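Engineer:
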Ligand code: CMX
């Protein structure tokens, strides 16, 4: 166990509980949001409903992880050996405690992970039992669920424990799960695309480098660097994204971390969310194929306009919260610009960036015409020969589980109750409107159909 991390977490949870108790007691009636009918019908967009301290998506600055912007985060976190990029263990320490770890603390998490990487055999058998064409996200979700047999929280809960003890077991489970994620991802990759060759983790490597090693790609130091950057960038995006939100609801029922993480992964598998990295790369390749190479800006603009006029979505562009270029996009573009600016797919990414925002903006309805992280992440993986597009969201997933598990430990540590919003029927809604507005037309539900 990473003792220092647990100790600091206990301290901050205690402090935060007191803070929230005070706020609830003295400012319980303070209004944060009002919700309109339009917002409810439009996916609760723009309604502040959650308190999440691990990170915040600033619409105009992008993600702030524990208040650090992406460039700040990359600067302050301890780096892996001979690397320009942070150790995932240090990031996890920061997500969990809100404190920037020193190198020893970051390595302590990495060492804790190493001790817990062994995956029970039955989990591999679950993956093996699935048909070869199974989507890697299905396999990841199933593998995480198969690990549920190992939940310490579930066992202790059955024996009878009280609320203050919950978070400690969620933390144990979280460390056990996150330790195994690169192993699971590599196993899925090797089984699907490398004739089942199984490479066990290397005891000397950090969490991120180990993934590269286990898929047989650690010989390229820039790919290893990409993995380190990639896993930091995708780790957390406040509490309302589909992954975190679904995981949070599931965990609020005191379902353990394995049920929680699997639920989050299922949400991430949708094309409007995590699967957009797969979809975007497929779209980029289709563009190259269509034009027989890199199109000019003019050609691309005509192509994109025609697509959006037919009602198609341009993957990798737009966001429910962001209103600017995603800084995660910029961080990945910086890496590509440094190491392979002439790569054709990367050059296309840049050209798309020059064209798509103005096309989307000209439609007048797209709230954010700018690229998100999915507009580029796949192109970089593709450059390094990871060309199995359906695998891309798995990498997003194992990184995002760092944030999801940290959020879950905090939720249980703050004794958050069961999430259970209220719903009404549309008929009730019409009746409510009619009562408030005498001039409203008769409720549709009671209007005879012509
Ligand atoms: N291409 C074409 N049209 C787009 C668009 C895009 N990239 N992004 C938004 N629009 C359209 C919407 O479909 C909507 O049209 P209708 O009114 O006709 O239904 C209109 O613009 C308004 O949408 P919005 O309020 O700007 O965006 P939402 O908050 O509803 O949706 C998102 C956000 C991400 C689902 C959307 O921008 C999208 O589908 N983008 C492409 C998929 C993608 O990249 N997803 C990954 C996001 C990051 C992540 O969560 O991982």
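In my numbering, the protein residues as written are 294 to 743.
Even glycine gets a Cβ: it sits at the ideal position worked out from N, Cα and C.
Remember, predicted model here, so these are calculated numbers, not experimental data.
Under the criterion of a Cβ to heavy atom distance below 6 Å, does residue 647 qualify as lining the ligand CMX?
Structural biologist: Residue 647 Cβ: outside cutoff for every heavy atom of the ligand CMX.
Engineer: Do you know offhand how far residue 743's Cα is from residue 724's?
Structural biologist: Only weak support exists for where residue 743 lies, its pLDDT of 45 falling under 50; the value from the coordinates is given anyway. Each residue's Cα considered, the two are about 21 Å apart.
Engineer: Flag residue 612 as yes when its Cβ comes closer than 6 Å to any non-hydrogen atom of the ligand CMX, and as no otherwise.
Structural biologist: Checking the Cβ of residue 612 against the ligand CMX gives yes.
Engineer: Short of 8 Å in beta carbon distance, which residues of its chain neighbour residue 615, apart from the five on each side in sequence? Order them along the chain.
Structural biologist: So the qualifying residues of the chain are 350, 352, 355, 661, 663 and 665.
Engineer: Tell me, please, which residues DSSP counts as bridged to residue 372.
Structural biologist: Answer by DSSP bridge pairing, in chain order: 379.
Engineer: In chain order, what residues of the same chain have a beta carbon less than 7 Å from the beta carbon of residue 463, not counting five sequence neighbours either side?
Structural biologist: If we look at residue 463 and ignore the five residues flanking it on each side, its Cβ neighbours are 446, 550, 701, 702 and 705.
Engineer: For the ligand FAD, any of its heavy atoms closer than 6 Å to the Cβ of residue 660?
Structural biologist: The ligand FAD is absent from the structure shown, which contains only the ligand CMX.
Engineer: Looking at the structure shown, is residue 393 part of a helix, part of a strand, or coil, going by DSSP?
Structural biologist: Of the three classes helix, strand and coil, the one that applies to residue 393 here is coil, per DSSP.
Engineer: If the criterion is Cβ atoms closer than 7 Å, does the pair residue 385 and residue 625 meet it?
Structural biologist: No, Cβ-Cβ distance for residue 385 and residue 625 is not below 7 Å.
Engineer: Quick check on the DSSP output: the alpha helix (DSSP H) that includes residue 550 runs from which residue to which?
Structural biologist: It spans 550 to 561 - the alpha helix (DSSP H) in which residue 550 sits, taken as one unbroken run.
Engineer: Taking the CB atoms as reference points, tell me whether residue 569 and residue 667 lie closer together than 7 Å.
Structural biologist: Yes, the Cβ-Cβ distance between residue 569 and residue 667 is below 7 Å.
Engineer: Does the pairing of the stretch 340 to 349 with the stretch 528 to 542 give three or more beta-carbon distances under 8 Å?
Structural biologist: Yes, since at least three Cβ pairs between the stretch 340 to 349 and the stretch 528 to 542 fall closer than 8 Å, the two stretches touch.
Engineer: Ends of the beta strand (DSSP E) at residue 357?
Structural biologist: Unbroken beta strand (DSSP E) run through residue 357: 355 to 358.
Engineer: Quick one: using the 10 Å Cβ neighbour count with 16 as the cut-off for buried, is residue 296 buried or exposed?
Structural biologist: When all chains shown are included, residue 296 counts as exposed.
Engineer: Under 8 Å Cβ to Cβ from residue 341, same chain only, skipping five residues before and after it: list those, please.
Structural biologist: Here the set comprises 325 and 326.
Engineer: Count the CB pairs spanning the stretch 367 to 380 and the stretch 483 to 492 that are closer than 8 Å, and state whether there are at least three.
Structural biologist: No, because fewer than three Cβ pairs between the stretch 367 to 380 and the stretch 483 to 492 fall closer than 8 Å, the two stretches do not touch.
Engineer: Identify, in the order they occur along the chain, each residue of the same chain with its Cβ nearer than 7 Å to the Cβ of residue 403, setting aside the five sequence neighbours on each side.
Structural biologist: Only 380, 382, 499 and 500 meet the Cβ criterion.
Engineer: Give the DSSP-derived three-state secondary structure of residue 664 in the structure shown.
Structural biologist: Residue 664 falls in the strand class under three-state DSSP.
Engineer: What's the gap between the Cα of residue 634 and the Cα of residue 377?
Structural biologist: The alpha-carbon atoms of residue 634 and residue 377 are separated by roughly 19 Å.
Engineer: Taking all protein chains shown into account, decide if residue 717 is buried (16 or more other Cβ within 10 angstroms of its Cβ) or exposed.
Structural biologist: It is exposed - the Cβ of residue 717 has fewer than 16 other Cβ atoms within 10 Å.
Engineer: Considering only C-alpha positions, which residue in the set 554, 330 and 314 is nearest to residue 538?
Structural biologist: Considering only alpha carbons, the answer is 554.
Engineer: Give me the residue from 497, 407, 524 and 432 with the minimum Cα distance to residue 468.
Structural biologist: Residue 468 has its Cα closest to that of 407, out of 497, 407, 524 and 432.
Engineer: Take residue 400 as the anchor and find which of 373, 557, 417 and 647 has the nearest alpha-carbon.
Structural biologist: Answer by Cα proximity: 373.
Engineer: Which one of 731, 708 and 714 has the shortest CA to CA distance from residue 455?
Structural biologist: Considering only alpha carbons, the answer is 708.
Engineer: Under DSSP, the beta strand (DSSP E) around residue 416 begins and ends at which residues?
Structural biologist: Unbroken run through residue 416 is the alpha helix (DSSP H), 414 to 422; no beta strand (DSSP E).
Engineer: So is the beta-carbon of residue 569 under 6 Å away from any non-hydrogen atom of the ligand CMX?
Structural biologist: Yes, the beta carbon of residue 569 sits closer than 6 Å to at least one heavy atom of the ligand CMX.
Engineer: Over what stretch of residues does the beta strand (DSSP E) that includes residue 314 continue unbroken?
Structural biologist: Residue 314 -> not in any beta strand (DSSP E); alpha helix (DSSP H) instead, spanning 296 to 320.
Engineer: How long is the line joining the alpha carbons of residue 713 and residue 344, rounded to whole angstroms?
Structural biologist: Each residue's alpha carbon lies about 15 Å from the other.
Engineer: How would you call residue 638, buried or exposed, if buried means at least 16 neighbouring beta carbons within 10 angstroms?
Structural biologist: Burial call: buried.
Engineer: Which residues bound the alpha helix (DSSP H) around residue 675?
Structural biologist: Element bounds for residue 675: 670 to 676.
Engineer: Quick check on residue 512: does DSSP put it in helix, strand or coil?
Structural biologist: Looking at residue 512 - three-state DSSP - the assignment turns out to be coil, as it is neither helix nor strand.
Engineer: Can you find a C-beta in chain C that's less than 7 Å from the C-beta of residue 514?
Structural biologist: This model lacks chain C altogether; it includes just one protein chain.
Engineer: Mark residue 741 as exposed unless 16 or more other C-beta atoms lie within 10 angstroms of its C-beta, in which case mark it buried.
Structural biologist: In this prediction, residue 741 scores a pLDDT of 48, lower than 50, which makes its location untrustworthy; no coordinate-derived value is stated.
Engineer: Closest to residue 746 by C-alpha separation, out of 640, 585, 561 and 652, would be which residue?
Structural biologist: Past the edges of the chain, shown from 294 to 743, lies residue 746, and the structure says nothing about it.
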